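Using mature numbering (1 follows the signal peptide of the UniProt record, and there is no 0), the letters of the sequence shown correspond one by one to residues -30 to -1, 1 to 166. Cβ atoms here follow ideal geometry from the backbone N, Cα and C, with glycine treated the same way. None of the values given here were measured: they were computed from a predicted structure. What follows is a single structure, written as structure tokens, with notes after it.
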Amino acid sequence: LDVSGSVWNKLVCCLILTLTARLTLSPSSSQFFEGDSLSLSCEEDDSSAGWTLRRNTTRETRTQCDDWGTSAGSSCNISLSFPSDSGVYWCESREGATSQSINITVSGKMTVILQSPVLPVMEGENITLICRTQTSSDLPADFYKHGSLIIDRPTGHVTILHVSKADEGVYRCNIRGHGESPPGWISVTGQQLQFD
């Protein structure tokens, strides 16, 4: 096999493009109360790619974990979040490749938030939605999709089994006497191909 010239260049190009990182967030939610703790990490397909966690906020651009969090191995922890931590987070390689980004909102004004998967979920997976106040995640709550009530739960938790594309959409929740959460978007992707 002759891998010289343009063929070799195309091969190198494709190999570089397949090196990816996945940004993970725990707990998985785009909505947080001021004072909540959260942890982000870059899960690497190739440890030599040198992925760095970065963020953009209203105060700063492309800053790294050491500027706003605590590094712990491959993770970056925010032990006490503030509204100034609201922004866009992503992983970036030395070569400039980027992961999918995550938008995070931290608020001291919200009374209710909806914790839902912040990244796309695969068809067939189970997902849990949690409706919570700053002091409790165990209060009775109503859950809505595209503005229509889908279920009310006595504990503030609902699990959607074996999600499909039909479950994709905008969700909210309401805790009587406390208020309604901001909207949360749930994205569902097709099943991953498996090779023997």
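Nearest neighbour of residue i, chosen from the options [CA to CA]
i           : options                  : result
residue 185 : E4, R146, G78 and N47    : Because residue 185 is not part of the residues shown, which for the chain are -30 to 166, the question remains open.
E4          : K115, D55, C101 and S151 : D55
F2          : L119, L50, C61 and G66   : L50
T105        : G117, G78 and H116       : G78
Same chain, Cβ closer than 8 Å to residue i, five either side skipped, listed in chain order
i   : result
N96 : T129, I130, L131, H132 and V133
T68 : W60, C61 and E62
Close-in-space but distant-in-sequence residues of the same chain around residue i (CB under 7 Å, 5 per side omitted)
i    : result
V158 : P90, V91, E93, V133, S134, K135, D137 and E138
G20  : S63 and R64
Residue(s) in a DSSP beta bridge with residue i
i    : result
I121 : F113
L99  : V128
F3   : S77
Buried or exposed (CB count within 10 angstroms, at least 16 for buried), residue i
i    : result
G126 : buried
L10  : buried
S151 : buried
Cβ neighbours of residue i in the same chain (closer than 6 Å, five flanking residues each side left out)
i   : result
D37 : none
G57 : R25, N26 and T27
Checklist entry - So, do the segment 74 to 90 and the segment 34 to 46 have three or more beta carbon pairs nearer to each other than 8 Å? => result No, the segment 74 to 90 is not in contact with the segment 34 to 46.
Checklist entry - Any chance the segment 96 to 107 sits against the segment 79 to 87, with 3 or more Cβ pairs inside 8 Å? => result Because the criterion of three Cβ pairs below 8 Å is met, the segment 96 to 107 and the segment 79 to 87 touch.
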